[in-house]
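Following the working numbering, the numbering of the sequence shown begins with 1 at its first residue and continues without gaps.
Below is one structure, written out as structure tokens; comments come after it.
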Amino acid sequence: MEQPVESSTWNVTHMAVMVKKSSHKRGKMSDTSLRHTLSLLVGRAVEQLQQEGVIPGDVGVAWDVERPREKSHGDFSTNAAMVLARHARKNPRELAERLLAALPVGEGLIQKCQVAGPGFINFFLQPQRWLRMVEDIRHDANFGHSTVGQGQKVQVEFVSANPTGPMHLGHGRGAVTGDVICRLLQAVGVNVEREYYINDAGNQVRVLGLSVLLRYHELLGHEVTIPEGCYPAEYVIDIARALMQRDGEKWQQEAVQAAQGSDTPPEEVVAFAVEEVMGWIRNDLSLLDIHFDHYFSEKQLHRQGGIEHAIDLLRQKDLIYQGILEPPKGKVPDDWEAKPQLLFRATRSGDDSDRPLQKSDGSYTYFAADIAYHLNKAERGFNQLVNVWGADHGGYVPRVKAALHALTGRKDLLDVKLVQMVNLNRGGKPVRMSKRSGNFVTLRDLTEEVGRDVVRFWFLTRAGDSHLDFDLDLAVSKSNDNPVFYVQYAHARLCSVWRQLEEKGWQFDSSVNHSLEPLQGSDEMDLIRLLSQFPEVVEGAALAHEPHRLTYYLLEVAAAFHTYYNGHRLLEEDATVRNARLSLGEAVRRVLANGLQLMGIEPQERM
């Protein structure tokens, strides 16, 4: 293994660890968390006051149980008294005192409580309950998982890259983001369906087919000029060569027509090109262990009348009309025309402008297909739809949400997570573009160079809507500044301790509970408190669809463990102390391993 990590060299603020606290409502929390237990206790206290007539029995508001930022404010805090005071017609602090009196303080979980500020109740838990958390974690192979989302059916649509070429880094970041959102949702009991929307209709795939025909003509021995707007990269030659291997000179006449200016390639050629590219995409994603449950074809949406179905529903709701839009400010979109068009009344659902569904020539706009596709998803019975899109599609979010709201009556059905592009650097300079792809580095190139786990971790080291610099040198370095190494090394270091334990001939029975009395130091208790947050972090990241929260948390756990390891010997001569510290170490290893696996990363045992 490498030299011991000096914990002080990694400052967790490198990752801007400002994880927003998710609002956990009563009855909506992980059943493995202390917050859930405290919420139930507060609930019983509220019910007692309702029975006494202090609080009305029909109050339907919810309260939060939070972890205070300041240690002096206790282990947890609730705003229940402040939320309920208006309904009880009492001063919040007075109601907090009544609630406090109804809580089982001094027995079981709660050591003491105090009323603070305008009416918060701060909880201080029994030290023995924190120590018991070590055993809870050690003996629970699925620690961090919960059933909070049980019964919910969520579809996550991600990647959906146009099948016109190899995947680039932006696609890869969206792929990892979507995949980990799915893993997190499954960890909290949600029934998840992964879907890829294949844009196999429209102008872009037509241009791909035309580009393939031109290269096909070139392979037949003719000189060709690739016109502006076509795809000039070398991968198009690969598709044309594969087409020739399958069909020989079958498409010679169509290739001549393409070279002479025809812009309508045969549908069979377009379909072949799309399937070739989709094969590359599937293979590239498999390198990152990303797979889909369902591939949805835009072409089938058109053929099955999906767009007409959506427009009919909009017409029934009086949400479409013939009109002329004012020219938009700034860059004019391709689908804008100064002619009468079929328009959707998007402004009725919160969009800033009505949107065209059909052009004056009768063809449908891209937006019309988007509406039809999302209506199709809604009609499949999902409780929620999650889309992971590139940041360049941000302008589409309000209009798609407006259409779904108009068609389903639900404003909260769709959540769109935007993912920014990735800048690839080596030696402090941008990496040169790939010749084969034409103007970008492919996801396969990156994955094959640094490995699946590194790619997955780095793509989640920033919130998706923040730009990401991928430093190739740092990503593969064995240094504390490399976040991948920093977390993986914490796990590998613990595995090394167990190997050393075996070398010394000492025994540690993982199946039994050991005395944890030696774990009374503030650093140990702080580490235990941090480990106990894992189910809450998983739940918050899952429900907010923000997988980077998990990355930040694992970095914090790794930092806390490295600090603890550098200040304490786990393999003490005293068996009682040794077993207590090994129990804590095993809990740390469990959280790190489970967290990495939720990120789709294999925890390393040796580094």
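All C-beta atoms, glycine included, are put in the ideal place defined by N, C-alpha and C.
query: Residue from 254, 489 and 170 whose Cα sits closest to the Cα of residue 215; result: 254
query: Inter-stretch contact (C-beta, 8 Å, three-pair minimum) for the stretch 155-173 and the stretch 407-416; result: no
query: Same chain, Cβ closer than 6 Å to residue 371, five either side skipped, listed in chain order; result: 310 and 403
query: CB of residue 489 within 7 Å of CB of residue 523, strictly; result: no
query: Inter-residue spacing [alpha-carbon to alpha-carbon] between residue 57 and residue 144; result: 34 Å
query: Test item: CB-CB of residue 135 and residue 513 under 7 Å; result: yes
query: Identity of the residue in 37, 170 and 81 nearest residue 108 by Cα; result: 37
query: Cβ pair residue 358, residue 342 closer than 7 Å; result: yes
query: Spatial neighbours of residue 351 in its chain, beta-carbon cut-off 6 Å, leaving aside the 5 residues before and after; result: 398, 399 and 402
query: Complete beta strand (DSSP E) runs within the stretch 22-106 (minimum length 3 residues, chain order); result: 76-78
query: Length of the line joining the Cα atoms of residue 578 and residue 128; result: 19 Å
query: Residue span of the beta strand (DSSP E) that contains residue 320, given as start and end; result: 320-323
query: Exposure of residue 281, with buried meaning 16 or more beta-carbon neighbours within 10 Å; result: buried
query: Integer-rounded CB distance, given that residue 82 should sit under 8 Å from residue 92; result: 5 Å
query: Every unbroken alpha helix (DSSP H) within the stretch 364-435, with a cutoff of 4 residues, ordered by chain; result: 366-379 and 396-408
query: Among 154, 241, 422 and 124, the one whose alpha carbon lies nearest that of residue 293; result: 154
query: Nearest residue (CA-CA) to residue 604, options 196, 178, 486 and 60; result: 486
query: Top-ranked residue by Cα proximity to residue 480, from 373, 562 and 298; result: 562
query: Residue 101, buried or exposed, once every other Cβ within 10 Å from all chains shown has been counted against 16; result: exposed
query: Cross-strand partners of residue 489 (DSSP beta bridge); result: Residue 489 pairs with nothing; no bridge assigned.
query: Straight-line gap, residue 574 to residue 544 (C-alpha atoms, nearest Å); result: 45 Å
query: Beta-carbon gap between residue 447 and residue 166 smaller than 7 Å; result: no
query: C-beta atoms of residue 388 and residue 149 nearer than 7 Å; result: no
query: Whole-angstrom distance between residue 392 and residue 417, CA atom to CA atom; result: 12 Å
query: Beta-carbon proximity of residue 471 to residue 423, cut-off 7 Å; result: no
query: Own chain partners of residue 4 with C-beta closer than 6 Å, once the 5 adjacent residues on each side are dropped; result: Note that residue 4 has pLDDT 37, beneath the 50 cutoff, so the model's placement of it is unreliable and the number below is only indicative. Excluding sequence neighbours, residue 4 sits near nothing in its chain.
query: Whole-angstrom distance between residue 146 and residue 31, CA atom to CA atom; result: Note that residue 31 scores 41 on pLDDT, short of 50, meaning its location in the model is unreliable; the coordinates nonetheless yield the value given after this. When rounded, the distance between both Cα atoms is 6 Å.
query: CA nearest to the CA of residue 62, picked from 46, 113, 70 and 285; result: 46
query: Cβ contact check for the stretch 282-301 and the stretch 218-233: 3 or more pairs under 8 Å; result: no
query: Outcome for residue 324 when other beta-carbon atoms lying within 10 angstroms are tallied against a minimum of 16; result: exposed
query: Through-space distance from residue 454 to residue 476, alpha-carbon basis; result: 8 Å
query: Endpoints, alpha helix (DSSP H) assigned at residue 179; result: 169-187
query: Pairwise C-alpha distance: residue 184 and residue 190; result: 9 Å
query: Within 7 Å, strictly: CB atoms of residue 187 and residue 598; result: yes
query: Cα-Cα separation, residue 25 to residue 355; result: Its pLDDT being 39, under 50, residue 25 is placed unreliably in this model, and the coordinates cannot settle the point.
query: Nonlocal neighbours in the same chain, by C-beta distance under 6 Å from residue 572, ignoring five residues either side; result: 578
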